[in-house]
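First to last, the sequence lines map onto chains A and B. Basically the numbering used here = 1-based index in the first sequence + 1259. Basically the numbering used here = 1-based index in the second sequence + 878. Glycine residues also receive a C-beta, built at the ideal position from the N, C-alpha and C atoms.
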Amino acid sequence: MPERRSELSDEAELELLEELGKKVFGLRFEAIVHRAFERNLLGVKSQNVSFSRRLDSRTFFVRDSEYSAGFSENSFRGTAEEHFQLCHTILKRLQIPESEIFKEILMKEQTQVASIDPGSGKVTKEPVKEGKYFARLSRQLDGMQVWDSSMILGLAEKDRIGYLQLHWPEIPSLVLREAQRLAHKVSTHWKPRSQAGGAIESIDAGIIHSPAIGFFMDIYAAIRVVYRTSSDQHRQKPMYFYDRHGEEIPIPRQITLPERESDRRRREPVS
Amino acid sequence: MRYSTGAVGSYMANCGVGPDLPFSVTSGRNFQAWYNLAGFQVFSHWENGDVWGSDFRDGTDLAGDGGSDVPDVYFYNGHGSCENPPTATSGDFIIVCGNFGKPDVVNIGNSSRWGNDGGNLKFAFIDASCPMDLVELANSWFPCFQGLHMSVGHSGDVNHDTLNSPSRGGQFAVLTTGFSIFIPALSVGDAWMQAGLIDVQSQVCAVALAAGNDRDDAIDRREHERVADGRSNPAPNWFAWKWVCAG
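Here it is in structure tokens:
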């Protein structure tokens, strides 16, 4: 059944978003002070709460300004169960099956303070304290990771969201099918190319896509290969994303990159 | 405010060590694109061999064509170095592969000072391997704060390292600048606690460090200072930091 024309209006879309915020995310808006479309976002904002979603992806953002203005050490710290329960409820309301959760972890910020004695330079450290808690959920589909999907949730109080970024885009069936084929290849005969200065650490098939904030939503099936460095000194592990032929796939975009001047080179310093 | 990026992905061809990092240049350009969109002015945006070790060493870091102490914000992506395990004196490093400005290895605690002698740097964003090991902060990082407001980086070891990410730098950038009224800028510390854990191995920690005139100031900066706040330079009497580790 096609939507009625009035349901396709901007106004109707923003009203639907507000309803979604209340019913799916449990948001309690005071008077709405702003409703708008901006680029690929639509959002509603009350005095303290911003709620927005991407137009091109199943991606939602919640920001509570009171929560941001607070201090880590005074933040609400619910249990892992309280955090995960709310995450599960939101995912269920969005009709995202729990089976897509790959891993869920309650991350705990740690904080510390130190003073420097101006005369002696002696450093005096205070004890480590706990800061904000965040639930971070990662995603899988059919046993393969969707590396760029995630849900991050911080609670302002029990059942009140202080910070949320839910980036869980719909994956086209053809991309999932290709990822399944890649997984099969990895399990049988597929070998990645070597990278000078690196040794293969891990090979996994999965899905990559554009990150949460951005103007593009690129999605690819990929074989991710992480290389460990063979240098004793140089660290930061390269990872490459290959297609079934062993060719590098395009990097999912987030924003249009600046143009580069091809002849731009830095000159030798004059001593 | 002015910002710079330094992104090094090419190591093998000119330095014979590595490996190369395929997404460093993209990461720098993503950072640049978001900062340009937010209205910041670019001071320099060098890549590969045009990023020099001398850019990060006190005495040469005010070079008019790319010194790291000239802009207000500097984002670096490239190799660092990790130990197994790090100790309080093992050092934190930036490792480039420069055409000039040798040597390529910068021991941050020994060589880097930001905000001194007319330097401007307020925010040092070092997206490398283990450039801010928790056990080394006092030796490697406290002395660098000569006007610097905040730094961010990772703590880890040889077996728990950052992955060269196509996403992390750009997402951190846009979290610090904000995007629309619906995604307002986070504080530098909060932005790194979110973006710093993108594409890292387990037990790697995202670390954010702030200096302050006094205890409350240091804590307030760690929690709330945003890139565009325009706060004055702190005297480095106190430090406050926070970190969160990947599970």
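According to the DSSP assignment, residue 1083/B belongs to the beta strand (DSSP E) that extends over 1083-1090.
For chain B, the residues of the region 1459-1490 of chain A that bring a beta carbon within less than 9 Å of one of its beta carbons are 1467, 1469, 1470, 1471, 1472, 1473, 1485, 1486, 1487, 1488, 1489, 1490, in chain order. Look at residue 1427/A here: in three-state DSSP terms it is coil, with no helix or strand label.
1364, 1366, 1367, 1368, 1369, 1370, 1371, 1372, 1373, 1374, 1375, 1377, 1382: these are the residues of the region 1363-1382 of chain A whose beta carbon lies less than 8 Å from some beta carbon of chain B, given in chain order.
For residue 1281/A, the nearest beta carbon of chain B is not closer than 9 Å to its own beta carbon. In the three-state scheme derived from DSSP, where H, G and I count as helix and E and B as strand, residue 1480/A is classed as strand. Setting aside the 5 residues that flank it on each side, residue 896/B is surrounded in the same chain by 889, 890, each with a C-beta closer than 6 Å to its C-beta; the list follows chain order. By the criterion of a C-beta distance shorter than 7 Å, residue 1011/B is surrounded in its chain by 964, 970, 1033, once the five residues flanking it on both sides are discounted. Between residue 1523/A and the set 1090/B, 1107/B, 925/B, the nearest pair of CA atoms involves 925/B. Membership of residue 1284/A in any beta strand (DSSP E) is not indicated, and neither H nor E is assigned to it by DSSP. A distance below 9 Å separates the beta carbons of residue 1349/A and residue 1425/A. In this structure the region 1069-1080 of chain B does not touch the region 992-1001 of chain B; the number of beta carbon pairs closer than 8 Å is below three.
The beta carbon of residue 882/B sits closer than 6 Å to the beta carbons of 921, 922, 949, 952 from its chain, once the five residues preceding and following it are set aside; these are given in chain order.
With contact defined as three or more Cβ pairs closer than 8 Å, the region 1365-1376 of chain A and the region 1418-1433 of chain A are not in contact.
Residue range 1432-1447 is occupied by the alpha helix (DSSP H) that includes residue 1437/A. Secondary structure at residue 1099/B: helix, using DSSP grouped into helix, strand and coil.
With the criterion set as a beta carbon lying under 9 Å from some beta carbon of chain B, the members of the region 1323-1336 of chain A are 1324, 1327, 1328, 1329, 1330, 1331, 1332, in sequence order.
The beta carbon of residue 1311/A sits closer than 6 Å to those of 1300, 1302, 1320, all from its chain and outside the five residues before and after it, given in chain order. Residues 975, 982 of the same chain have their beta carbon placed closer than 7 Å to that of residue 893/B, with the five preceding and five following residues left out of the count.
Around the C-beta of residue 1037/B, fewer than 16 other C-beta atoms lie within 10 Å, and the residue is accordingly described as exposed. With respect to the 9 Å criterion, residue 908/B and residue 1051/B are classified as neighbours on the basis of their beta carbons.
Considering only 1527/A, 1283/A, 1338/A, the residue with the shortest C-alpha distance to residue 1416/A is 1338/A. Assignment of beta-bridge partners to residue 1474/A by DSSP yields no partner. For residue 1293/A, the nearest beta carbon of chain B is closer than 9 Å to its own beta carbon. In chain A, no part has a C-beta under 8 Å from the C-beta of residue 1014/B; the shortest such distance is about 12 Å. With a cutoff of 9 Å on beta-carbon distance, residue 911/B and residue 1516/A are scored as near each other. Note on the region 1293-1360 of chain A: whole alpha helix (DSSP H) runs with a minimum of 4 residues are 1324-1328, 1339-1352, in chain order. In the DSSP assignment, residue 1057/B is bridged to 1061/B.
Buried is the label assigned to residue 1395/A, since at least 16 other Cβ atoms lie within 10 Å of its Cβ. When the five nearest sequence neighbours on each side are left out, the beta carbons in the same chain lying within less than 7 Å of the beta carbon of residue 1102/B are those of 1065, in order along the chain. For residue 1527/A, the neighbours in chain B by C-beta distance under 7 Å run, in chain order, 978.
With 16 or more neighbouring CB atoms inside 10 Å of its own CB, residue 1391/A falls in the buried class.
For residue 1359/A and residue 1476/A, the gap between their C-alpha atoms comes out near 20 Å. In the displayed model, residue 986/B falls within a helix according to three-state DSSP. Residues of chain B with a Cβ closer than 7 Å to the Cβ of residue 1286/A do not exist; the shortest Cβ-Cβ separation is about 13 Å.
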